[in-house]
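Numbering (my numbering), first residue to last: 12 to 188. From the three backbone atoms N, C-alpha and C, an ideal C-beta is built for every residue, glycine too. The structure displayed is predicted, hence computed values, not measured ones. See structure below.
Have a look at this one:
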């Protein structure tokens with residue numbers, strides 16, 4: 012294998028048979044489940060374990076992040092929803108109607124992220140606008156993390172299943188045609 016062939020294989024745009032797509036998916040879901048509402052999980056664990064100053068720091072950061080999300084939503088939420096809907100629809104049409112594999116992969120990456128974004132937004136609005144005890148805020152944050160992980164697991168499973176079917180279909184299509 013010469014250099015050009017190696018570079019060509021390395022930068023291959025075939026999404027579902029490309030190691031970069033699966034690496035991106037793993038890193039993406041690792042980061043999304045680690046940073047829930049913009050709060051790192053180790054900070055949540057430290058606050059649960061130590062309490063006191065660690066819990067106060069967590070609650071201050073949570074208030075800042077939740078308040079920021081609530082303000083962003085009130086100032087431009089409808090516009091942002093329109094942009095997200097446009098991008099997802101464009102990826103779906105380009106990928107599944109026109110058969111562009113890279114757009115299919117992007118759709119399978121971005122759609123669950125949009126769901127997680129909506130979950131984060133809802134939790135941020137609830138946390139910033141309701142009176143809750145510290146324990147309730149922490150419980151809501153941990154529940155959100157669990158649901159983010161569930162969405163991530165479903166997204167990875169659906170993407171892997173679809174990618175496997177897609178690759179098998181392409182393989183048999185190439186053999187028969």
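Whole-number beta carbon distance between residue 80 and residue 50, since they are thought to touch under 8 angstroms:
Here residue 50 corresponds to residue number 39 of the chain shown, with the count starting at 1. Here residue 80 corresponds to residue number 69 of the chain shown, with the count starting at 1. Between the beta-carbon of residue 50 and that of residue 80 there is about 12 angstroms, and that puts the pair past the 8 angstroms contact cut.
Can you tell which of 157, 148 and 139 has its C-alpha closest to the C-alpha of residue 127?
Taking the first residue of the chain shown as 1, we reach residue 127 at position 116. Comparing alpha carbon positions, the residue from 157, 148 and 139 closest to residue 127 is 157.
Checking 8 angstroms against the spacing of the C-beta atoms, do residue 163 and residue 40 come in under that value?
Position 152 of the chain shown holds residue 163. Position 29 of the chain shown holds residue 40. Going by C-beta atoms, residue 163 is nearer than 8 angstroms to residue 40.
Those runs of the alpha helix (DSSP H) which lie wholly inside the region 95–170 and span at least 4 residues
List check, alpha helix (DSSP H) in window: 112–140.
Hey, which unbroken runs of the beta strand (DSSP E) at 3 residues or more fall wholly within the region 41–86?
Listed in chain order, nothing qualifies, since the region 41–86 has no complete beta strand (DSSP E) run of 3 or more residues.
Under the assumption that residue 99 contacts residue 121 (Cβ atoms under 8 angstroms), give the Cβ distance between them as a whole number of angstroms.
For the purposes of this step, residue 99 is taken as residue 88 along the chain shown, with counting starting at 1. For the purposes of this step, residue 121 is taken as residue 110 along the chain shown, with counting starting at 1. With a Cβ gap of about 6 angstroms, residue 99 and residue 121 count as contacting.
What residues in its chain sit with their C-beta under 7 angstroms from that of residue 77, if we drop five residues either side in the sequence?
Translated into the one-based positions of the chain shown, residue 77 becomes position 66. The residues are 48, 135, 138 and 139.
Helix or strand or just coil, what does DSSP make of residue 29?
Stepping through the chain shown from its first residue, residue 29 is reached at position 18. Three-state result, residue 29: coil.
What whole-angstrom Cβ distance do residue 44 and residue 169 have, given they're in contact under 8 angstroms?
Position 33 of the chain shown, counting from 1, holds the residue named residue 44. Position 158 of the chain shown, counting from 1, holds the residue named residue 169. With 8 angstroms as the limit, residue 44 and residue 169 do not qualify as a contact, their Cβ atoms being about 17 angstroms apart.
Grab me the residues of residue 32's own chain with a C-beta within less than 7 angstroms of its C-beta, minus the 5 sequence neighbours each way, in chain order.
The residue given as residue 32 occupies position 21 in the chain shown. Excluding sequence neighbours, residue 32 sits near 26 and 116.
Any heavy atom of the ligand NAD inside 7 angstroms of the beta-carbon of residue 54?
Absence of the ligand NAD is noted for the structure shown, with no ligands found whatsoever.
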